[in-house]
Amino acid sequence: MNCNWLQTASVFDCVPVRGLHNEAGIEIGTPFSYADGTAIVLYAMEEGDRLLLSDNGEMLAHLSSVGINVNKRLSTLRDRVAPFGLTLTDKGDVRALVPMAQGAHMLATTISAMLSVAEWEREQLGLDEQTKNLADEAEILLREWKPQAILERRPKIKGQSKREHTFDFLLDGEYIDVIAANHVATGATMRKAGDVKNSPYLDSRSIRVVIDDRSDPERAEVERHILGSLVKSMTLTKLQELTTPARPH
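Everything in the sequence shown is counted per this note's numbering, starting at 24 for the first residue and increasing by one.
Below you can see the structure in the form of structure tokens.
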């Protein structure tokens, strides 16, 4: 088992690893992510003439980190991944054991299962349609704010943990996330920003978070101050003001 197994799938990052019993395997960094931009990572290990695909328990760890009580949701999560041929084990990892020849197909199926969990995660966190459209709304304002700068959507960067994170935008040397005004979104963003800021990959760039303050300005201001202790933070209203031409006196 080595990265040649993924040679036709250039969109994946691949790192050779060794299992607990020194069996050969690979860590697969996919281009897909959970609701907060945390990359979905899978592991493939040889077990005789079969292939073990697993998330190494990272799905449950991620859901716990964003405030979801996974102990009360295990049955739901098992039902979520079961139609894809996957098992959520008592040890907390999602896995499938298939013949080696079925490995590529099972990898695609496992990714589909994880994306299904990410969709469920959004539902649990109350990320409604308005929140999903926040990035699209903010993109227009960001382009108006800095029209000469190149704006990149969904940029990726590794953190100190070596995990890959996705931000909404990269603009003028700033990784930018646009979030709703709630403690769950703030907590997830703080964890991501902390991992990236403590890594050597940020270089001279910085992180900015834009908080939607239209429905609850007071809550947004609280979240802005919390985020401001770690990164640049501003409200969506402030961004709108920056793009509005000053009226002549």
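Ideal Cβ placement from N, Cα and C applies to all residues, glycine included.
- As computed with DSSP, V89 is found in no beta bridge at all.
- Around the C-beta of Y57, 16 or more other C-beta atoms lie within 10 Å, and the residue is accordingly described as buried.
- Around the C-beta of R177, fewer than 16 other C-beta atoms lie within 10 Å, and the residue is accordingly described as exposed.
- For A136, the enclosing alpha helix (DSSP H) covers residues G126 to Q147.
- The three-state secondary structure of R186, taken from DSSP, is coil.
- Per DSSP, the unbroken beta strand (DSSP E) holding S56 starts and ends at A47 to S56.
- The distance from the Cβ of S88 to that of R214 is about 6 Å, consistent with a contact at the 8 Å cut-off.
- With a beta-carbon spacing of about 7 Å, V64 and I51 fall inside the 8 Å limit used to define contacts.
- In the DSSP assignment, A243 falls within the alpha helix (DSSP H) that extends over P240 to G251.
- When DSSP states are grouped into helix, strand and coil, A204 belongs to the coil group.
- By the 16-neighbour rule on beta-carbons within 10 angstroms, Y224 is exposed.
- Contact annotation: the segment 192-208 does not touch the segment 65-76, with fewer than three C-beta pairs closer than 8 Å.
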